[in-house]
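Here's the structure we're looking at; comments come further down.
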Amino acid sequence: MWNIVGQIVSAASGLAIGWLMPIMDKIAYIYILHPEAQISQYLKYQVEKKQLKKVWQTIKLRGEEFDKLTTRGLLFQITWAVLAIFTLTSTAGWFGKCLVMGLGLRILIGEWTEWLKNKEAMEKKLLWQVKSDWTEKEIKVYLWIKTAVFIWLIRMLF
456 MWNIVGQIVS AASGLAIGWL MPIMDKIAYI YILHPEAQIS QYLKYQVEKK
506 QLKKVWQTIK LRGEEFDKLT TRGLLFQITW AVLAIFTLTS TAGWFGKCLV
556 MGLGLRILIG EWTEWLKNKE AMEKKLLWQV KSDWTEKEIK VYLWIKTAVF
606 IWLIRMLF
């Protein structure tokens, strides 16, 4: 009984942390990678003034300005897929498996949402590391392949 409860708590914790990991990417963007960006300076000002509710609102309203997030880049996503395969085949515990899958799910949902809202911004975020131009069709194929890989990885869980 307690073993099952422990596994459920472990899985839920891993999923929650994986889902929240892109927030760490935004924090790194603000404080380390691009502190000179206007959005970074504005958010740091709000944090200094302890306007935490406004920080959250600003991130939601101006999220498209985070154009060079590591987790949204093509190279990271390829690395994530390799790491996910390794984790799912080599880890016995549910925490690590759910962490890597939670991160992947968050990125996948974010990309599909952005694709439907603003294809140009999504392309810019995906390809900033490789400095390449893809057609809309190529990006859509990439998203469908990534979705298929994610579903295949989900099947590996069970």
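Take any residue in the sequence shown, note its place counting from 1, add 455, and you have its number in my numbering.
Just so it is clear, CB atoms sit at the ideal spot from N, CA and C, and this is done for glycine as well.
query, result
"Neighbourhood of Glu520 by C-beta distance below 6 Å, restricted to the same chain and skipping five residues each side", "Ile494"
"Rounded Cβ spacing between Trp589 and Asp522 (contact assumed at less than 8 Å)", "The pair is not a contact, with the Cβ atoms about 16 Å apart (cut-off 8 Å)."
"Residue environment, Arg517, which counts as buried when at least 16 other CB atoms sit within 10 Å", "exposed"
"Helix, strand or coil at Pro490 [DSSP, three-state]", "coil"
"Whole runs of the alpha helix (DSSP H) within the segment 511 to 552, excluding any shorter than 4 residues", "529 to 545"
"Range covered by the alpha helix (DSSP H) that runs through Asp480", "457 to 483"
"Continuous alpha helix (DSSP H) stretch holding Phe605: start and end", "591 to 612"
"Ser587 (DSSP reduced to helix, strand or coil)", "coil"
"Test item: CB-CB of Gly528 and Thr542 under 8 Å", "no"
"Glu569, buried or exposed, once every other Cβ within 10 Å from all chains shown has been counted against 16", "buried"
"Gln506, DSSP secondary structure in three states", "coil"
"Contact between the segment 464 to 473 and the segment 552 to 561 (3+ Cβ pairs under 8 Å)", "yes"
"For Leu558, the nearest candidate out of Gln506, Met476, Arg610, Met456 (CA to CA)", "Met476"
"Same chain, Cβ closer than 8 Å to Ala483, five either side skipped, listed in chain order", "Thr525"
"Cβ-based neighbour list, Lys574, same chain, cut-off 8 Å, excluding 5 preceding and 5 following", "Glu591, Ile594"
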